[in-house]
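Some notes on the structure that comes next.
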Amino acid sequence: MKYIMNISKIFSFALMGLILLPMAAFGFGSVLHYQGEMGDREAYFADLRVINNRTPPELVGGPIEIREIDVTAVYENADKPEFVHMKLQFECPNIMSIDLKTMKITENKNKIKAGDSVKFRIGLGSYKLRRSDLKSEPLAVSDWKTSDASMLSKAGTIACNHIEIDQALHAAIKGNSFDFDGFGQRINKLGLPADLAIIGQATPPEFLDFAWSQFWRDTVLAGKRPDPSGKWAKKLTPEEKEAAIKKLEEQQKAMQENPEIQAAKKSLLEGIKKSQAERAVIAEAGKRPDGKKLTPMESNLLILWKGKPEIDVVNVMGNPQFNQAGDSRFLRYTKYWEKEGFTAYNANGTPIGGEIGGYAECFVEFKTKQDSNGEWRVDDILVRSDYDGAGLGRTKELCQDLGEIARNAP
Numbered sequence: 069m070k071y072i073m074n075i076s077k078i079f080s081f082a083l084m085g086l087i088l089l090p091m092a093a094f095g096f097g098s099v100l101h102y103q104g105e106m107g108d109r110e111a112y113f114a115d116l117r118v119i120n121n122r123t124p125p126e127l128v129g130g131p132i133e134i135r136e137i138d139v140t141a142v143y144e145n146a147d148k149p150e151f152v153h154m155k156l157q158f159e160c161p162n163i164m165s166i167d168l169k170t171m172k173i174t175e176n177k178n179k180i181k182a183g184d185s186v187k188f189r190i191g192l193g194s195y196k197l198r199r200s201d202l203k204s205e206p207l208a209v210s211d212w213k214t215s216d217a218s219m220l221s222k223a224g225t226i227a228c229n230h231i232e233i234d235q236a237l238h239a240a241i242k243g244n245s246f247d248f249d250g251f252g253q254r255i256n257k258l259g260l261p262a263d264l265a266i267i268g269q270a271t272p273p274e275f276l277d278f279a280w281s282q283f284w285r286d287t288v289l290a291g292k293r294p295d296p297s298g299k300w301a302k303k304l305t306p307e308e309k310e311a312a313i314k315k316l317e318e319q320q321k322a323m324q325e326n327p328e329i330q331a332a333k334k335s336l337l338e339g340i341k342k343s344q345a346e347r348a349v350i351a352e353a354g355k356r357p358d359g360k361k362l363t364p365m366e367s368n369l370l371i372l373w374k375g376k377p378e379i380d381v382v383n384v385m386g387n388p389q390f391n392q393a394g395d396s397r398f399l400r401y402t403k404y405w406e407k408e409g410f411t412a413y414n415a416n417g418t419p420i421g422g423e424i425g426g427y428a429e430c431f432v433e434f435k436t437k438q439d440s441n442g443e444w445r446v447d448d449i450l451v452r453s454d455y456d457g458a459g460l461g462r463t464k465e466l467c468q469d470l471g472e473i474a475r476n477a478p
C-alpha cells in the first residue's frame, strides 16, 4: 500500500506543476452550457484552472478516481438564486492502475466523452447566493447519481480528461493570442463542442457579471434585472440609456457571427494580454508589491494566490496566526523543528560527550487587502526562514512542506 501511495504522490506533484502554475496566472473559464427562454435563461460556467483529485485513500491505485470541478450556474429568473456554485465530483477511469499482485502499472485507455452518462455528486463546499439578500447558503453534499444531462456530461468530460484539456489550453496560447480553431479541434476529440466558449473569468462573481453584461444586457437596459437586495440598482438617465443601447448595437453589429461567442473571445484575449504583461513585469523586476526582491517560492505563490479571497487561504492552509494593521491583514503559517542539546558528564563532573541542539522554522505569510466590494483578497506573500545549529537543509524542508500546502490553491 505504501508503494501505491508513493506512485500516487509522484503523479499528484507532477500534475500539480503542470496544471497550476500557468493556468492560475489569470482566469480560465468556459461557458459550459446555456439554456432557457428570455426571462428564464440559465448560464453554466466551469472554472478550468484546477481540477481537484478527491479520490479517497482506499481507492488510490484502483480502476477509478474522483475528480472535482467547480461549476457555477447563473440564473435570470427572479424566483431563482443569483447563482449556485457547485463542487461537482465525478467518477473517472483512473489514468493509471496498479495490479496489486504483480505491482505492474498500466495506462487505462477508457475515456469519458461528452454525451456519455456520468456518475456524479455535489461535493462539500458548494453553496448558493440568495437573490433576496445576497447572502450565501451552503448546499448539502448529495448522494452519487448517474445522469446523461448535457451540462453534467460536459463537466464530467472536462474533469475526467483534465490533462488533455490543460494541454489543449497550453497549445492554444500563442503569445498574446489564442488559437480558437486549434483548441476546438483538440477538445472535439473528446466529444466537446469545437466552439466551446473560453473566457477570461473564473470565479462565481465574475461569471455572474459576465452573464448579465454579455448575455442578458437587454434585460439590464430595460431595467428588469431582478434586484430585491438593491445591489444592482442604478437608475440611468435617458442619455446614458441611449448611449448604452447604441454601444450595444454597435458591438452586436461588429460581432455578426455570434455576439455571445465573440464577446467570450474578446474577454479571453484581453485577459491573456493583461496576464502576459503582468507576468513579464514580475519576471523582469523580480519584486513583490512592497518593492523587495521575490524569492522563487514567493514568485510562484503570488502567481497562484494574487487576488484570491482571504477565505480561500484559510480553507487550504487552516487557521492562521492572525494580525491586522492599518488597511492590511496578515495570515501567518509557521512550521518548527527543534531538538534540545545536552552534555554528558562523568562522575568527576568532567564533560565526556553530548549533542548540540538545533532549531529551525519557516513561515508563509499572506497579506490581504479589501477590494472595492469590501472582500479581503491576497495582495502579497512573504516566505521567511531561520535556523540555528540545524543546518539550512532542515529549514528548506520546512519551507517546502508549507509551499506544497499553499500550492493547492483553489
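So for the sequence shown, our numbering puts the first residue at 69; every next one is plus one.
Ideal Cβ positions, reconstructed from N, Cα and C, are used throughout, including at glycine.
On a predicted model such as this, the values are computed, not experimentally measured, just so you know.
Chain-order list of residues whose beta-carbon lies under 6 Å from that of residue i (same chain, five-residue window excluded)
| i | result |
| --- | --- |
| Ile241 | none |
| Glu144 | Arg109 and Trp284 |
| Gln468 | none |
| Leu450 | Glu433 |
| Gly291 | none |
| Ile134 | Arg122, Thr123 and Gln157 |
| Leu89 | Unreliable positioning characterises Leu89 in this predicted model, as indicated by a pLDDT of 34, which lies under 50. A coordinate reading is not provided. |
| Asp201 | Ser297 |
| Glu472 | none |
| Ser204 | Tyr195 and Leu197 |
| Val119 | Just to set this straight, residue 119 is Ile in the shown sequence, not Val. Excluding positions up to five away in sequence, the list reads Arg135, Ile137, Ala227 and His230. |
N-terminal and C-terminal residue of the beta strand (DSSP E) that residue i is part of
| i | result |
| --- | --- |
| Ala111 | Glu110 to Asp115 |
| Pro206 | Ser204 to Pro206 |
| Arg189 | Val186 to Ile190 |
| Ile266 | Ala265 to Ile267 |
Residue i - DSSP class collapsed to helix/strand/coil
| i | result |
| --- | --- |
| Phe96 | coil |
| Arg254 | helix |
| Ser215 | strand |
| Lys333 | helix |
| Ser245 | strand |
| Trp300 | coil |
| Thr411 | Any answer about Thr411 is weak, because its pLDDT of 46 lies below 50 and its placement is not dependable; what the coordinates show is given next. Three-state result, Thr411: strand. |
| Ala428 | strand |
| Ala236 | helix |
| Gly209 | For the record, residue 209 in the displayed sequence is Val; it is not Gly. Three-state DSSP puts Val209 in coil, outside helix and strand. |
| Val128 | coil |
| Ser200 | coil |
| Asn176 | coil |
| Met106 | coil |
| Gly483 | For the chain, the structure presents residues 69 to 478; residue 483 sits outside this window and is missing. |
| Gly339 | helix |
| Leu369 | helix |
| Ile473 | helix |
Alpha helix (DSSP H) segment containing residue i, residue limits
| i | result |
| --- | --- |
| Ala223 | Ser218 to Cys228 |
| Ile134 | Unbroken run through Ile134 is the beta strand (DSSP E), Ile132 to Tyr143; no alpha helix (DSSP H). |
| Pro272 | Pro272 to Phe278 |
| Leu289 | Arg285 to Leu289 |
Strand pairing of residue i, partner residues [DSSP]
| i | result |
| --- | --- |
| Phe398 | Asn391 and Lys435 |
| Arg445 | Pro377 and Lys437 |
| Leu450 | Glu433 |
| His153 | Thr140 and Tyr195 |
| Cys467 | Partner(s): none; Cys467 has no beta bridge. |
| Glu159 | Ile134 |
| Asn121 | Arg135 |
| His485 | Here the chain covers residues 69 to 478 and nothing more, so residue 485 does not appear. |
| Lys403 | Cys430 |
Any C-beta of chain D under 7 Å from that of residue i
| i | result |
| --- | --- |
| Ala236 | The displayed structure is made up of one protein chain only, and chain D is not part of it. |
Same chain only: Cβ atoms within 7 Å of residue i, ignoring 5 sequence neighbours per side
| i | result |
| --- | --- |
| Ile132 | Glu159, Cys160, Pro161 and Asn162 |
| Met219 | Leu100, His101 and Tyr112 |
| Ala223 | Leu100, Ala114, Ile137, Val139 and Leu156 |
| Tyr401 | Met385, Pro388, Phe431, Val432 and Leu470 |
| Pro149 | Tyr143, Lys196, Leu197, Arg198 and Arg199 |
| Ala182 | Ser221, Lys222, Thr225, Leu258, Gly259 and Leu260 |
| Ala22 | The question about residue 22 has no answer, for the chain in this structure spans 69 to 478. |
| Asn391 | Phe398 |
Contacting residues, own chain, Cβ-Cβ under 8 Å from residue i (five flanking each side not counted)
| i | result |
| --- | --- |
| Val381 | Trp373, Pro388, Leu399, Phe434, Thr436 and Val446 |
| Asp439 | Arg445 |
| Ile340 | Phe94, Ile241, Asn244, Ser245, Phe246 and Gly268 |
| Ser210 | Arg189 and Ile190 |
>> Can you confirm whether the region 96–115 touches the region 264–281 when touching is taken to mean that 3 or more C-beta pairs between the two stretches lie within less than 8 Å?
In response: yes
> Are the region 233–250 and the region 144–158 touching, with three or more C-beta to C-beta distances below 8 Å?
Replying inline: no
> Does the region 172–191 come close enough to the region 208–227 to have 3 or more Cβ pairs within less than 8 Å?
Replying inline: yes
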